[in-house]
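Here the structure is laid out as structure tokens; the discussion comes afterwards.
In the working numbering, the protein residues as written are 2 to 184.
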């Protein structure tokens, strides 16, 4: 009789160990599935919804400085004047401010002032806006394009060099700038 109780006790121990092992395996499987879902969601967010890039050059000084980290929203549908955007021109990723949208008239005077649709633009821009070779002013922005200028107007490479930027080349609207502080 005692031997049977001992066997039943050992069978109960085996069953308990197998249940414990099964629960542990299920726990690891559940953790792995959750990690895969988080990685896929993070990948989709960072490649399809948001763009994280580093500013190069001083085209947008003082708003964006060389080395600043920018986070842009890729799903923006309608861009408006004064939006800071990340775009591709001449095979290089750049940052600039939209000053005119499709069908707007852009005129740069010899005195360095910018007029869009006959209205002088200035705002907080510290530098004069001079015309560069290659574009006749007044310039009408074509359909499906935007006219982009850098804030550091005397030194920036922008639509005055490349012409209007097609909307397909605008990668996203900058929503956050993280300043580089000695990194």
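Glycine is no exception: its CB is placed at the ideal position from the N, C-alpha and C atoms.
Cβ neighbours of residue i in the same chain (closer than 6 Å, five flanking residues each side left out)
{"i": "residue 11", "result": "none"}
{"i": "residue 165", "result": "142, 143, 146 and 148"}
{"i": "residue 175", "result": "71, 73 and 85"}
{"i": "residue 55", "result": "70"}
{"i": "residue 122", "result": "115"}
{"i": "residue 177", "result": "72"}
Cβ-Cβ distance between residue i and residue j below 7 Å
{"i": "residue 41", "j": "residue 170", "result": "no"}
{"i": "residue 58", "j": "residue 69", "result": "no"}
{"i": "residue 65", "j": "residue 173", "result": "no"}
{"i": "residue 117", "j": "residue 140", "result": "no"}
{"i": "residue 92", "j": "residue 159", "result": "no"}
{"i": "residue 99", "j": "residue 80", "result": "yes"}
{"i": "residue 157", "j": "residue 83", "result": "no"}
Residue i classed as buried or exposed, judged by whether at least 16 other C-beta atoms fall within 10 angstroms
{"i": "residue 5", "result": "Low confidence applies here, because residue 5 scores a pLDDT of 48, under 50, leaving its location unreliable; read the following figure in that light. Per the 10 Å Cβ criterion, exposed."}
{"i": "residue 120", "result": "exposed"}
{"i": "residue 45", "result": "exposed"}
{"i": "residue 50", "result": "exposed"}
{"i": "residue 151", "result": "buried"}
{"i": "residue 101", "result": "buried"}
{"i": "residue 115", "result": "buried"}
{"i": "residue 130", "result": "buried"}
{"i": "residue 95", "result": "buried"}
Residue interval of the beta strand (DSSP E) (run including residue i)
{"i": "residue 106", "result": "106-109"}
{"i": "residue 62", "result": "Counting along the chain, residue 62 falls outside any beta strand (DSSP E), and DSSP gives it neither H nor E."}
{"i": "residue 161", "result": "Element bounds for residue 161: not the beta strand (DSSP E) but the alpha helix (DSSP H), 160-163."}
{"i": "residue 56", "result": "Here residue 56 belongs to no beta strand (DSSP E), and DSSP marks it neither H nor E."}
{"i": "residue 175", "result": "171-179"}
{"i": "residue 71", "result": "70-74"}
{"i": "residue 97", "result": "93-101"}
{"i": "residue 122", "result": "120-122"}
{"i": "residue 149", "result": "146-150"}
{"i": "residue 115", "result": "115-117"}
{"i": "residue 157", "result": "That residue, residue 157, is in no beta strand (DSSP E); it is neither H nor E in DSSP."}
{"i": "residue 90", "result": "85-90"}
Contacting residues, own chain, Cβ-Cβ under 7 Å from residue i (five flanking each side not counted)
{"i": "residue 128", "result": "153, 154 and 155"}
{"i": "residue 132", "result": "109, 138 and 161"}
{"i": "residue 62", "result": "152 and 153"}
{"i": "residue 136", "result": "161 and 164"}
{"i": "residue 167", "result": "145 and 146"}
{"i": "residue 77", "result": "173 and 174"}
Own chain partners of residue i with C-beta closer than 8 Å, once the 5 adjacent residues on each side are dropped
{"i": "residue 47", "result": "53"}
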